[in-house]
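Position 290 of the sequence shown, counting from 1, maps to 363 under our numbering, and the rest follow consecutively.
Shown next, in structure tokens, is the structure this report addresses.
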Amino acid sequence: MKGNTDFQEYVPIMHILHSVTKMDVRLIDQSGDIFNEIIIHEIPAVLEQPKEDFKHILGVLRQHEPERFYQHISPYGLEYIASGIWEAASLAGAILLGPLLSSQEVIHRIQDIIMDHQLAVSDRQLLEEFYQSLPILSDEEHTYVGKLLGHLCQHPRVQSQQIPPAEQKPYQPVNFRAVTMEESYQIIERRYEHQNRLMDAITKGDKERVKHEVSYLLSELPAFSERIPENPIRTSKNLGFVLNTMCRIAAERSGVHPVYLHHLSERYAILVERTSTFPLLKNLFQSMVMDYCDLVISTSTGNYSAIVKKAVDYIMLNLGQPLPLQEIAEHIHVNPSHLSRKFKEDTGMTITEFINRKRIEEAALYLQRSRRSVTEVAFMVGFNDLNYFSKVFKKIMNETPTQYAKRRRH
């Protein structure tokens, strides 16, 4: 606490804002230091931490009247809504909501953000998961949230008390037909059978089977919602958390690296908690299982030997960096010749061929989603020779990088 401001008085306001908006809330002092925070989105370490953003926000608020709120956009496209805490005519601190987004366009520009700030190409998936987990507000919602924030910051808090409700009849559950013990056993067995089938399908990256099995589980959602009849949406969310865990375990069995699993699992835990209707939860569950399935298809190493699995993980996490055989072998503590031979046996490709293919696949995404030049993309994904990049790209994609970019961008 700095000056005479009792920041503890503003903590209940933070909880109100977080509960209503489902957004991260931070209370900062006049130096930009965090006094208290309620957060569910951990800003990735590869992005600059927002202390400088906080100082800038305070500077802007200081130059305007206390009744104003401010919408700040960071160099990474992350947005914050802020309103000042004032003592007399002096700014003592501020409450900030965010990070958030105002458009899906920022998510589509992640390739540009990576290149603008010289981030590692291997961080793309991590950043996509983070940005996709952030709330997206319309212009109208920005305005109303800002006005609410400003009102709460500038007016003394009133200790409102709820009026006791009139006496109500106790909840009467729907009188379903009695289920015999034998039928109950069959239902439970069938449910677990479908859960196991779903996990097996995700582990194998079988998208058609995944669609079929998740359809069955979604058909059981109404039955699950009756477990807590006074709060059926909470029961469905709990099912979502279980489904998220099942998917993560299934994908891990296929050999997906924990780094990728952590960020995808965290993203869906946030989205499940934020979703508030049954139709949206059903859509979210379907997206969840398919995203895990896609992750298995793109990054699984389950069919490889332990040595090759370690090598592939190292390659994928350092794709934009130089990757000589000697360095990879040293990192996983094996003989280079043995690694080279074993890698060819397991993957059907040499290490160089594998690295080139993965770099070209990444380059194709950048050429499709960003407006960067072929030269910039080539260097970004780890090629130091533009002619060699073009040659490899054409061999794998059956067209030159320029042809690919023109066709996909239109």
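We treat Cβ as the ideally placed atom computed from N, Cα and C, and that holds for glycine.
For this session: Give me the Cβ distance between Asp97 and Pro148, rounded to the nearest whole Å; I'm assuming they're in contact under 8 Å.
Result: Contact between Asp97 and Pro148 is ruled out by a C-beta separation of about 19 Å, above the 8 Å threshold.
Problem set entry | Under 8 Å between C-beta atoms of Ile101 and Ala167 | Yes, the Cβ-Cβ distance between Ile101 and Ala167 is below 8 Å.
For this session: Just grab the DSSP bridge partners of Ala167 for me.
Result: Answer is Ile101 and Gly157.
For this session: Note the first and the last residue of the continuous beta strand (DSSP E) segment covering Asn109.
Result: Asn109: member of the beta strand (DSSP E) spanning Ile107 to Ile111, first to last residue.
For this session: Could you pull out every residue in the same chain whose Cβ sits closer than 7 Å to the Cβ of Arg250, ignoring the five residues on either side in sequence?
Result: With a pLDDT of only 49 at Arg250, under 50, the local geometry of the prediction cannot be trusted, and the value read off the model is given with reservation. Excluding positions up to five away in sequence, the list is empty.
Exercise. What separation, rounded to the nearest whole angstrom, lies between the Cα atoms of Val252 and Gln259?
Worked result: Below a pLDDT of 50, predicted positions are generally treated as unreliable, and Val252, at 48, falls in that range; the measurement from the model is reported next regardless. Spanning the alpha carbons of Val252 and Gln259 requires a straight line of approximately 11 Å.
Exercise. Going straight from the alpha carbon of Ile187 to that of Thr420, what length do you get?
Worked result: Cα to Cα, the separation comes out at about 30 Å.
Exercise. With burial defined as no fewer than 16 other Cβ atoms inside 10 Å of the residue's Cβ, what is the status of Lys431: buried or exposed?
Worked result: Counting of Cβ neighbours within 10 angstroms places Lys431 among the buried residues, the total reaching 16 or more.
Exercise. Which of the three DSSP states, helix, strand or coil, is assigned to His411?
Worked result: Three-state result, His411: helix.
Problem set entry | Three-state secondary structure assigned by DSSP to Leu151 | The three-state reading of DSSP puts Leu151 in coil, since its state is none of H, G, I, E or B.
Exercise. Looking only at its own chain, which residues have a Cβ that is under 6 Å from the Cβ of Val247, when we skip the five neighbours before and after it?
Worked result: Because Val247 sits at a pLDDT of 49, beneath the cut-off of 50, its placement in the model cannot be relied upon, and the following sentence gives the value as read from the coordinates. Closer than 6 Å at the Cβ level, and outside the excluded window around Val247, lies no residue.
Problem set entry | Alpha-carbon to alpha-carbon, Met363 and Gln205 | Taking the straight line joining both Cα atoms gives about 15 Å.
For this session: Tell me whether His145 sits in a helix, a strand or coil according to DSSP, three-state version.
Result: In the displayed model, His145 falls within a strand according to three-state DSSP.
Exercise. So what's Pro123 in DSSP terms, helix, strand or just coil?
Worked result: In this structure, Pro123 counts as coil in the three-state DSSP scheme.
For this session: Pull up the distance between the alpha-carbon of Glu293 and that of Ala324, whole angstroms please.
Result: Whole-angstrom Cα-Cα distance: 23 Å.
Exercise. Exposed or buried, Asn317, counting other C-beta atoms within 10 Å across all chains shown (16 or more means buried)?
Worked result: Asn317 comes out buried.
Exercise. Which term fits Leu353, buried or exposed, when burial requires 16 or more other beta carbons within 10 angstroms of its beta carbon?
Worked result: Flag for Leu353 reads exposed.
Exercise. Roughly how many angstroms lie between the CA atoms of Glu110 and Gln81, to the nearest whole one?
Worked result: The C-alpha of Glu110 lies about 12 Å from the C-alpha of Gln81.
For this session: Just the C-alpha distance for Leu169 and Asp458, rounded to the nearest angstrom, thanks.
Result: Annotation: Leu169 to Asp458 spans about 46 Å, alpha carbon to alpha carbon.
For this session: Please check the pair Leu207 and Ser156, which I expect to be a contact at CB under 8 Å, by giving their CB distance rounded to whole angstroms.
Result: About 20 Å; that fails the 8 Å criterion.
Problem set entry | Same chain, Cβ closer than 7 Å to Ile113, five either side skipped, listed in chain order | Contacts found: Asp97 and Ile343.
Problem set entry | Cβ-Cβ distance between Arg264 and Glu286 below 8 Å | The Cβ atoms of Arg264 and Glu286 do not sit closer than 8 Å to each other.
Exercise. What is the DSSP secondary structure of Pro172, reduced to helix, strand or coil?
Worked result: DSSP, reduced to helix, strand and coil, places Pro172 within a strand of the structure shown.
Exercise. In three-state DSSP terms, what is Asn248?
Worked result: Here Asn248 scores only 48 on pLDDT, less than 50, and its place in the model is too uncertain to base an answer on.
Exercise. If we count the other Cβ atoms within 10 Å of its Cβ and call it buried at 16 or more, is Ser349 buried or exposed?
Worked result: It counts as exposed.
Problem set entry | According to DSSP, residues forming a beta bridge with Ile236 | Per the DSSP secondary-structure output, Ile236 pairs with nothing in a beta bridge.
Problem set entry | For Ile209, the three-state DSSP class (helix, strand or coil) | Three-state DSSP puts Ile209 in a strand.
For this session: State the Cα-Cα distance for the pair Lys479 and Asn460, rounded to the nearest angstrom.
Result: Each residue's Cα considered, the two are about 18 Å apart.
Exercise. Which class does Lys280 belong to by DSSP, given the choice of helix, strand or coil?
Worked result: In the three-state DSSP reduction, Lys280 falls in the helix class (H, G or I).
For this session: Reducing DSSP to helix, strand and coil, say where Pro295 ends up.
Result: Three-state result, Pro295: helix.
Exercise. When burial is assigned at 16 or more other CB atoms within 10 Å of the CB, is Thr276 buried or exposed?
Worked result: Buried, since its Cβ has 16 or more Cβ neighbours within 10 Å.
For this session: Taking only the alpha-carbon atoms, compute the straight-line gap between His406 and His336 and give it to the nearest angstrom.
Result: Cα to Cα, His406 sits roughly 28 Å from His336.
Exercise. Helix, strand or coil: how does DSSP classify Gln394 here?
Worked result: Note: Gln394 maps to coil in three-state DSSP.
Exercise. Who are the near neighbours of Cys226 in its chain, counting only those whose CB is closer than 7 Å to its CB and skipping five residues on each side?
Worked result: Here the set comprises Ser156, Gly157, Ile158 and Ile168.
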